[in-house]
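To start, the structure itself, in structure tokens.
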Ligand SMILES: Cc1cc2nc3c(=O)[nH]c(=O)nc-3n(C[C@H](O)[C@H](O)[C@H](O)COP(=O)(O)OP(=O)(O)OC[C@H]3O[C@@H](n4cnc5c(N)ncnc54)[C@H](O)[C@@H]3O)c2cc1C
């Protein structure tokens, strides 16, 4: 049996970051991913300022982007109607996960993580601290980091299910090509395209990513919402071409692991419940999980990895909790029209929202201003209905 200090399952943004940080500190690391890279991952691929800061902090250089991928114009709509075009928004960068994740995985392997990509996990045995691969190889670990996405096998092993179906989000996307490719077009956000969620158009150099997403339980007809959205945008797309994936839209785990087994990224539910941003949280949680593993292994007590990790995650959990608190102000059907009107009229609200969306502000910075505005949203919502 081959023994490692840390085994990371999943080599997306969370797993690649965890493996990179752990390998760089001199730990013996195995990086397992079911598929080989490059591989697709359903995602809008927008990289926020938060994600770019975490990337630079982890990998020691700025994330590379083509100048055309920097987006600073955002077209906001409510039920298809314009509520504001903002031309000097904080930059959001458009990526294709096919390329970005392959780069992240390369960084982790170059730092010394041993390559187990293209290998599926057959069995995890926490008593013996081993992972058996489908090919038959047996690997031992001190700390196991489950960064295997929203359908996490590691979370299922720990908690019986990867997520709570009543709270999970879901997104549908298509890549529109041909006449719909216009890298100079603004990012478009459509409130009301889905319940407790939104629609999006992210123009890229090779295609335009179009999607709708929201809380699954509030959107039993998500495919219909996506069809209506495509029709509104003048895109001729058959339902069969929609690709869908669960998204832990505000459903994070308060205790993301057990003993020497930690969950990071989507496996821990770390996605913003308003914007759906997950890449930055995945990278940061991967980094924190690796640091927790190092602290626990250095003390000769791998099973103390979880308390180290929980402490490090507190600020992120606090921010996501706050976002969950604010979410009804934006998505509650009774308040939604009021929010849209206020957004149209108030440059402060527009600036706050864009800074949040671009990962340039934290929720606690805007909570007080939003709470003060609540009665006005209610009033505007009432007026909008009359
Ligand atoms: C429709 C949609 C749009 C989104 N748009 C955005 C956006 O624009 N910006 C943003 O920031 N976030 C977005 N997100 C969220 C973002 O995609 C995720 O939060 C992010 O990918 C989480 O990274 P991760 O590393 O935790 O998981 P993943 O990126 O899912 O990576 C998990 C990895 O684990 C591997 N794996 C899975 N199971 C196993 C197994 N059993 N054994 C071995 N390997 C395994 C997978 O192959 C994969 O490589 C979107 C999500 C959806 C669904």
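Residue numbers (the UniProt record's numbering): 1 to 386. Positions of the beta carbon are idealized from the N, C-alpha and C atoms, including for glycine.
Kindly indicate which residue of the options has the alpha-carbon position closest to the one of residue i.
i	options	result
residue 279	31, 46 and 130	46
residue 249	262, 228, 274 and 364	274
residue 104	169, 56, 341 and 67	56
residue 160	365, 13, 267 and 215	267
residue 291	12, 23, 1 and 76	23
residue 106	88, 147, 59 and 84	59
residue 165	149, 139 and 215	215
residue 3	366, 20, 351 and 31	31
residue 308	25, 334 and 287	287
residue 5	220, 13 and 27	27
residue 51	64, 41 and 7	64
residue 265	335, 330, 157 and 148	148
residue 146	85, 206 and 256	256
residue 150	75, 15, 180 and 341	15
residue 194	330, 237 and 49	330
residue 327	298, 345 and 363	363
residue 196	61, 376, 225 and 317	225
residue 332	372, 318 and 218	218
residue 167	369, 128, 354 and 324	324
residue 156	121, 181 and 190	121
Per DSSP, what are the beta-bridge partners of residue i in this structure?
i	result
residue 71	92
residue 200	189 and 211
residue 140	3 and 130
residue 249	271
residue 77	82 and 190
residue 115	31
residue 173	211 and 243
residue 261	144 and 258
residue 233	In DSSP, residue 233 forms no bridge with anything.
Quick check: what's the CA-CA separation for residue i versus residue j?
i	j	result
residue 252	residue 270	5 Å
residue 69	residue 108	24 Å
residue 239	residue 227	7 Å
residue 99	residue 130	31 Å
residue 374	residue 276	23 Å
residue 125	residue 10	17 Å
residue 152	residue 262	12 Å
residue 349	residue 169	25 Å
residue 289	residue 301	15 Å
residue 141	residue 35	21 Å
residue 20	residue 198	34 Å
residue 172	residue 139	36 Å
residue 67	residue 89	16 Å
residue 310	residue 110	29 Å
residue 97	residue 41	6 Å
residue 204	residue 298	45 Å
residue 281	residue 200	20 Å
residue 135	residue 12	21 Å
residue 361	residue 1	47 Å
residue 221	residue 341	26 Å
residue 207	residue 71	15 Å
residue 8	residue 118	14 Å
residue 25	residue 54	17 Å
Is the CB-CB distance between residue i and residue j below 9 Å?
i	j	result
residue 202	residue 358	no
residue 293	residue 305	yes
residue 235	residue 185	no
residue 296	residue 154	no
residue 116	residue 133	yes
residue 83	residue 343	yes
residue 284	residue 17	yes
residue 78	residue 336	yes
residue 246	residue 339	no
With DSSP as the reference, label residue i as helix, strand or coil.
i	result
residue 352	helix
residue 255	coil
residue 82	strand
residue 373	helix
residue 154	helix
residue 145	strand
residue 122	strand
residue 8	strand
residue 21	helix
residue 181	coil
residue 320	helix
residue 104	helix
residue 46	strand
residue 431	Lying before the first or after the last residue shown, residue 431 is absent from the chain, which here runs from 1 to 386.
residue 358	coil
residue 168	coil
residue 66	coil
residue 301	coil
Comparing the C-beta of residue i with each C-beta of chain B, is any distance below 9 Å?
i	result
residue 136	In summary, chain B is missing from the structure at hand, where a single protein chain is found.
Report whether the distance from the Cβ of residue i to the nearest heavy atom of ligand 3 is below 8 Å.
i	result
residue 41	Looking for ligand 3 in the displayed structure turns up nothing; the ligands present are ligand 1.
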